[in-house]
Amino acid sequence: MHFVIIGNGITGVTAAITARRLAPDARITLVAAESAHHYSRPALMYLYLGHLRYADVKPYEDWFWAENRLELVHAEATGVDTTARTVQLTTGQALDYDYLLLATGSVVRTASWPGQQLGGVQGFYGLPDLEKMSQATQGIRQAVVVGGGLIGVELAEMLHSRGIRVMWLVREPRYWQSVLPPEESALLAAHIRSYGIDLRLATELREILGDDQGRVRAVVTTAGQELPAEWVGLATGVQPNLALARAAGLETDLGILVNELLETSAPNVYAAGDCAQHRQPAPGEVAVEQLWYTGRMQGETVAHTICEQPTPYRRGQWFNSAKFFALEYQTYGRVPAQPAADTASFCWQHPTRKHLLRINFRRADHVVTGVNALGLRQRQPVWERWLGEQTPIGVVLAQLAVANFDAEFSRQHEPAIRREFARQFPDIVLPAPRRKGLLGAW
Amino acid sequence: MMNDLSAPSLGFSPPAAATPPGEKPVLAAVALGLLALVAAAADADASRARLTLYLAVALLSGGALGWAWLTFGRSAADWHPHDLWRRSSTSRGAVAWATGVALTGFYVVLYWFPWLLENLIRALDPASQWLRHRVADQWFLYGTFYTLAVLVLGVRALWKYRFSRYHLARTMSVMFFQLGFGFLLPGLLLALQRPEYYFTYFWPLKYDYLFPGTVAQLLHGGGLGVFMVFWGVVMSFVATPVLTYFFGKRWYCAWVCGCGGLAETAGDAYRHLSDKSRQAWRWEVRLIYPILGLITLLTALLWLGASGAVPALGVVTGPLGQFYGFVIGSVFSGIVGVGFYPLMGSRVWCRFGCPMAAYLGLLQKHFSRFRISTNGGQCISCGNCSNACEMGIDVKQYAQRGEPIVRAACVGCGLCATACPRGVLNLENGPRAGRLAGSTFIHADSLRIL
Ligand SMILES: Cc1cc2nc3c(=O)[nH]c(=O)nc-3n(C[C@H](O)[C@H](O)[C@H](O)COP(=O)(O)OP(=O)(O)OC[C@H]3O[C@@H](n4cnc5c(N)ncnc54)[C@H](O)[C@@H]3O)c2cc1C
Ligand code: SF4
Ligand code: SF4
Chain D
44 MHFVIIGNGI TGVTAAITAR RLAPDARITL VAAESAHHYS RPALMYLYLG
94 HLRYADVKPY EDWFWAENRL ELVHAEATGV DTTARTVQLT TGQALDYDYL
144 LLATGSVVRT ASWPGQQLGG VQGFYGLPDL EKMSQATQGI RQAVVVGGGL
194 IGVELAEMLH SRGIRVMWLV REPRYWQSVL PPEESALLAA HIRSYGIDLR
244 LATELREILG DDQGRVRAVV TTAGQELPAE WVGLATGVQP NLALARAAGL
294 ETDLGILVNE LLETSAPNVY AAGDCAQHRQ PAPGEVAVEQ LWYTGRMQGE
344 TVAHTICEQP TPYRRGQWFN SAKFFALEYQ TYGRVPAQPA ADTASFCWQH
394 PTRKHLLRIN FRRADHVVTG VNALGLRQRQ PVWERWLGEQ TPIGVVLAQL
444 AVANFDAEFS RQHEPAIRRE FARQFPDIVL PAPRRKGLLG AW
Chain S
680 MMNDLSAPSL GFSPPAAATP PGEKPVLAAV ALGLLALVAA AADADASRAR
730 LTLYLAVALL SGGALGWAWL TFGRSAADWH PHDLWRRSST SRGAVAWATG
780 VALTGFYVVL YWFPWLLENL IRALDPASQW LRHRVADQWF LYGTFYTLAV
830 LVLGVRALWK YRFSRYHLAR TMSVMFFQLG FGFLLPGLLL ALQRPEYYFT
880 YFWPLKYDYL FPGTVAQLLH GGGLGVFMVF WGVVMSFVAT PVLTYFFGKR
930 WYCAWVCGCG GLAETAGDAY RHLSDKSRQA WRWEVRLIYP ILGLITLLTA
980 LLWLGASGAV PALGVVTGPL GQFYGFVIGS VFSGIVGVGF YPLMGSRVWC
1030 RFGCPMAAYL GLLQKHFSRF RISTNGGQCI SCGNCSNACE MGIDVKQYAQ
1080 RGEPIVRAAC VGCGLCATAC PRGVLNLENG PRAGRLAGST FIHADSLRIL
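Respectively, the protein sequence lines represent chains D and S. So the first sequence is residues 44 to 485, counted in my numbering. So the second sequence is residues 680 to 1129, counted in my numbering.
Here is the structure:
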């Protein structure tokens, strides 16, 4: 069997590694245009910050691939012949395949703003973007970031680390309001501003202005304000990379359309990760998932299917984590920006420090449905169990210390959290609490 | 085979960071301090050399503290190792090489040409008289510098890690043990005409504490000597296993040990330099366990020799003891161990040479409640944890596979957990059952990582 994978991101690589485990004799080839070896995309910012070197963000050392007989081809795939089962490469070669996986990831999405082609204006997705940004921001003093998502905050932090003044334009009136409830938004906005970032909420980009050399000089907001900028980062999202799928004549919509087994419309051709779109996402789940762990899960799932263990993709409990200028964010289960009518939302905030814990639960039976944590680390397996077992809020709060994943000697806030709960929900009686001890008796 | 990797890999190498202008005065103070130190060493006039030495210490400490404030005091209290790989001093650049050569040179002079330090040693006579009731020698000079480094750069570490109570506790602990047990108490013992003894060092690290000669000499010294032998035996063979069972080897390596203390304070800026490759790990295993074997063998042979059962043993134990003392005791632990900080990271000795680390490591790995747990499926393979690991453990290999980290080398410094931007890692002591169980969120793959 020859299993060809296009794309060496987390999805393609996980598929390759899983397939090697399941099919020790298979021939496995990874084709990748961007880099010879797999690297961690979420770690790109740390290269710019000077925390890490390129070698440090490669999840596997270079010997790993040859030792596990994973063939690497550093080239771009330009076409697929789904009847002859071949892939065309820019090198002129053609690869025969028995099974093909498209794990082509995403590309930067931009609206079409006037001036976005100017020098010093760019999106941020891969190594070439990093290189470009590194060159273009050398010695500059003023930059603008557009878009309030997770890549936006990374760009702001990167620029800030080089002493560059950052103006950050976010269209919504409150920070990341499509995802976060108001308290979290407010805490994060204040936190980001405490670093001197000029976070401008309810501000939209209208146009980018250039100088005679074709380089960016300023941006203009929809309010007509002109803001000076020597560099502009467009962080307004990514969209599935469909170039190859379209060339191959696969059915696509927002992404490459796949069923539960991650099969595309062509036989023996699969798609997974950022580039795939589920035809029928499970209730409450999105059709296009652009996350590291979902990429890993999809890669693993599809490898099972290809290695004759057909496995439908099931994501399980939602979780995510991020970091906003040293403030960690974790979420498990569902915590929508606006809780549904049948859901109660309990929120505790430390009076002076940056700690926040929100737990949502159903009003009728008190079963917890999701948690947000800022500046606190929560233990994922515990929350997974509580959410899966439909645990009532009382039990969760009584045992909250069990979910505490903070370092030893950290201050423990569980008693304060329970006091606050008793204040907000006096009608709900809590069982006696348990503590987290130094000897780890959880 | 279609292994076309000839196309240039993009990679990324960030531009070198310039020294911010604000930092130049403090760096100048450090440079002047070094100059004053050289001047003091060259000055035969004892009282003038003493003043120059005090000036040197003031400039070096002041400069180091000033630099610490400029680097960490002004920014928000959090983990931000910005520019570590962009600065010449911390990325094996010219400054790092110069520092390494200077440190190594100091050790060479200290061990083989101590008379070159005569003026500095004499300059410390009053201090030595005050503390130990006797004149200074090269080891007093060394102890003084060592303790100063731990204290001054310990303050830097307290500043840098002021957001984390774990690191504050750990740093204060190593500062306390170095000052109290590594410097003042041994001096006091000498002042009281007692044998010099370091209560925080035990066999096999301080190997000669259990040599028959040392034991006989201590026992000769009366009640305190008996206590010292008793203490040494209990700490080596009872307290070490018990404490390691509960807390892993960190109770010693990252909280008590003097070598660890220097690594956690003076070496903190270099922790990322330790090599994480499989090759380095193989060297580690090849070196550290044979060294533990060697010192165990040597101790056993010495006792056998002392028993008089095999009179011919002296032929072996003499040279073996000298070889060990020279190669391992001075060259490895001093010259390579500390001199190479700026090039190979802060724990070269702990990692490749220390028999105590090997002993503690075996206990930690096979007989302990300690592990670093990984939080579900959250790892993004960013590599920050591995980068922060001074023991050269490629932590992310475990984290990205969802496996708890149980490694003999881990000294429990906790920096991997601090460095992780996703809160994936946590140092924990817990029931041994399930200690090695991986996360159910990531299916373990069976492909080799080491
Ligand atoms: C800056 C940044 C930070 C992020 N941080 C996080 C985070 O903290 N947490 C999180 O969960 N997610 C994060 N993400 C999202 C996460 O990185 C992606 O969801 C994930 O990398 C997708 O993996 P993938 O393998 O599906 O695609 P990709 O990683 O995009 O890999 C696809 C690869 O395929 C190659 N390719 C495409 N077409 C071809 C072709 N025709 N021929 C050859 N090669 C081709 C591309 O060059 C690319 O290298 C971040 C993303 C970015 C950009
Ligand atoms: S694994 Fe973590 S705790 Fe252990 S030595 Fe390395 S950085 Fe320190
Ligand atoms: S620092 Fe955290 S997220 Fe990054 S590789 Fe290590 S464990 Fe994973």
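Idealized CB from N, CA, C, for every residue including glycine.
Heavy atom of ligand 2 within 6 Å of residue i beta-carbon
i               : result
I1128 (chain S) : no
M1023 (chain S) : no
I967 (chain S)  : no
L847 (chain S)  : no
As assigned by DSSP and simplified to three states, the class of residue i
i               : result
M1070 (chain S) : coil
M44 (chain D)   : coil
D804 (chain S)  : helix
R466 (chain D)  : helix
H321 (chain D)  : strand
Q421 (chain D)  : strand
C1061 (chain S) : coil
C936 (chain S)  : coil
L903 (chain S)  : helix
M681 (chain S)  : Residue placement at M681 (chain S) is poorly supported in this model, since its pLDDT is 41, which falls under 50; the coordinates still yield a value, given next. Correct three-state label for M681 (chain S): coil.
K366 (chain D)  : strand
F1049 (chain S) : strand
F824 (chain S)  : helix
F860 (chain S)  : helix
P225 (chain D)  : helix
L716 (chain S)  : helix
L871 (chain S)  : coil
P283 (chain D)  : strand
R1030 (chain S) : helix
R396 (chain D)  : coil
T295 (chain D)  : strand
I53 (chain D)   : helix
E702 (chain S)  : helix
A484 (chain D)  : Annotation note: pLDDT 46 at A484 (chain D) (below 50); position unreliable, coordinate value reported separately. A484 (chain D) falls in the coil class under three-state DSSP.
P171 (chain D)  : helix
Neighbourhood of residue i by C-beta distance below 7 Å, restricted to the same chain and skipping five residues each side
i              : result
V774 (chain S) : S767 and S768
A365 (chain D) : L193 and Y372
Residue i CB to nearest heavy atom of ligand 3 below 6 Å
i               : result
V100 (chain D)  : no
S953 (chain S)  : no
K1075 (chain S) : yes
Sequence-distant residues of its chain with Cβ nearer than 6 Å to residue i (five each side left out)
i              : result
N302 (chain D) : R322
Y89 (chain D)  : L95
T246 (chain D) : L212 and T264
D254 (chain D) : R260
Neighbourhood of residue i by C-beta distance below 8 Å, restricted to the same chain and skipping five residues each side
i              : result
A756 (chain S) : R841 and F842
L732 (chain S) : A715, L716, A719, L799, A802 and L803
Proximity test, residue i beta-carbon vs ligand 5 heavy atom, cut-off 6 Å
i               : result
G1091 (chain S) : You won't find ligand 5 in this model; what it holds is ligand 1, ligand 2 and ligand 3.
Residue i Cβ short of 6 Å to ligand 1 heavy atom set
i              : result
Y168 (chain D) : yes
R84 (chain D)  : yes
A696 (chain S) : no
I53 (chain D)  : yes
E306 (chain D) : no
message: Suppose only complete runs of 3+ residues qualify. What are the beta strand (DSSP E) ranges in the region 1081 to 1121 of chain S, listed by chain order?
response: 1104 to 1108
message: Please give the ranges of any beta strand (DSSP E) in the region 81 to 167 of chain D, keeping only runs that are unbroken, at least 3 residues long and fully inside the region.
response: 113 to 117, 120 to 124, 129 to 132, 137 to 139, 142 to 145 and 149 to 151
query: At a Cβ cut of 7 Å, what residues of the region 90 to 105 of chain D count as close to chain S, listed as they run along the chain?
result: L90, Y91, L92, G93, H94, L95, R96, Y97, D99, V100, P102 and E104
- prompt: Curious, which full-length beta strand (DSSP E) runs of at least 3 residues does the region 912 to 991 of chain S contain?
  reply: none
task: Output, in sequence order along the chain, the residues in the region 953 to 972 of chain S whose CB is closer than 7 Å to any CB in chain D.
output: S956 and R957
- request: With a floor of 4 residues, list each alpha helix (DSSP H) that falls wholly inside the region 724 to 795 of chain S, ordered by position along the chain.
  value: 725 to 747 and 773 to 791
- prompt: When you check each C-beta in the region 749 to 761 of chain S against every C-beta of chain D, which residues fall closer than 8 Å?
  reply: A755, D757, W758, H759, P760 and H761
message: I'd like the ranges of any alpha helix (DSSP H) spanning at least 4 consecutive residues and lying wholly in the region 189 to 247 of chain D.
response: 193 to 204 and 225 to 236
field: 4 or more residues per run - each alpha helix (DSSP H) lying fully within the region 825 to 857 of chain S
entry: 844 to 855
query: Using a beta-carbon distance cut-off of less than 9 Å, what residues from the region 1053 to 1066 of chain S approach chain D?
result: N1054, G1055, G1056, Q1057, C1058, I1059, S1060, C1061, G1062, N1063, S1065 and N1066
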